[in-house]
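Here is the structure we will look at, set down as structure tokens.
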Amino acid sequence: MEWYEALVLGIVQGLTEFLPVSSSGHIEIGKALFGISGGENLYFSIVVHGATVLSTIVVLRKEILKLFSGLFKFKMNEETNYILKIGVSMIPVAVVGLLFKDVVESLFDGSAMWFIGAMLLITALLLWFTHIFKAKEKSMSYGHAFIIGIAQAIAVIPGISRSGATIATGLLLGNKKEEVAKFSFLMVLIPILGENFLDLVSGSFTNNASLSSSSLLIGFVSAFVVGLLACSFM
């Protein structure tokens, strides 16, 4: 991977992670255009996703600190309740990650462009539904959190937008747009950080694809900076 390819893909990741257009789908399209191999494909995806997670943490740091402050009061309060809902939302993606890890990784190893295109159309259709069907406004429940978590698990498929699927699902359930958007950005932090940590501990997080350190650094920095700007304006 050349440095300019890493730069472009990092920018694409940073922009599309916070838009309901599937960052993974657009990254796969970009890699196909650049002719990037499967090994480079998966490893680079992990790095740039880590960058946008970091940018999310920076932008939402006040909300995150508030949640932890409430949690460490060691009593059931609004913050503890919110964290428990995030925990419930993580169950579906944890099941997919533990039981179907190889299947998920294979999706990032040369997925056909027609398949990614079809998934992008499904994402667009789901977003369109949110403008057609207006549910009665409700507060987010544990059941809602679990259903939104199912949407996140389905969104491991390249072309299905994670933010689009989770936010659209929340809106169809009657949740407020601002509430479900914040929940969507926060609920992804632990799964991605947890996956990267497990890969690091197990030794599987190694650069077997011969990606240069400069390409990885450029991809990471560009994804982080652009992600920082995109998340700030959301």
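Numbering-wise, the sequence shown is residues 98 to 331 according to the numbering used here. The beta-carbon is built from N, C-alpha and C at its ideal position, and this holds for glycine as well.
Asked                                                                                                                                                             : Found
By alpha-carbon positions, which one of LEU112, PHE197, ILE124 and ILE188 ends up nearest to PRO255?                                                              : ILE124
Count the other CB atoms within 10 Å of the CB of ILE332; is the residue buried (16 or more) or exposed (fewer)?                                                  : The structure shown has nothing for residue 332, since the chain only spans 98 to 331.
Are the CB atoms of PHE115 and CYS328 within a distance shorter than 8 Å?                                                                                         : yes
Looking only at C-alpha atoms, which of ILE183, LEU196, ILE213 and LEU269 sits nearest to LEU285?                                                                 : It should be noted that the sequence gives Val, not Leu, for residue 285. Of the candidates ILE183, LEU196, ILE213 and LEU269, the one whose C-alpha sits nearest the C-alpha of VAL285 is ILE183.
What separation, rounded to the nearest whole angstrom, lies between the Cα atoms of GLU99 and SER312?                                                            : 7 Å
Can you tell which of THR153, SER119 and ILE143 has its C-alpha closest to the C-alpha of PHE282?                                                                 : THR153
By alpha-carbon positions, which one of PHE212, LYS128 and LEU269 ends up nearest to MET237?                                                                      : LEU269
Quick check on DSSP: helix, strand or coil for PHE226?                                                                                                            : helix
What's the C-alpha gap between PHE197 and GLN249?                                                                                                                 : 15 Å
Here's the rule: buried if 16 or more other CB atoms are within 10 angstroms of the residue's CB, otherwise exposed. What is PHE317?                              : buried
Over the uninterrupted alpha helix (DSSP H) stretch that includes SER319, give me the two end residues.                                                           : 310-330
For the alpha helix (DSSP H) containing PHE165, list its first residue and its last residue.                                                                      : 158-168
From which residue to which residue does the alpha helix (DSSP H) around SER281 run?                                                                              : 274-284
Tell whether a beta-carbon distance below 8 Å holds between VAL150 and ILE289.                                                                                    : yes
Taking contact to mean 3 or more Cβ pairs, one atom from each stretch, closer than 8 Å, check whether the segment 251-265 and the segment 212-226 are in contact. : yes
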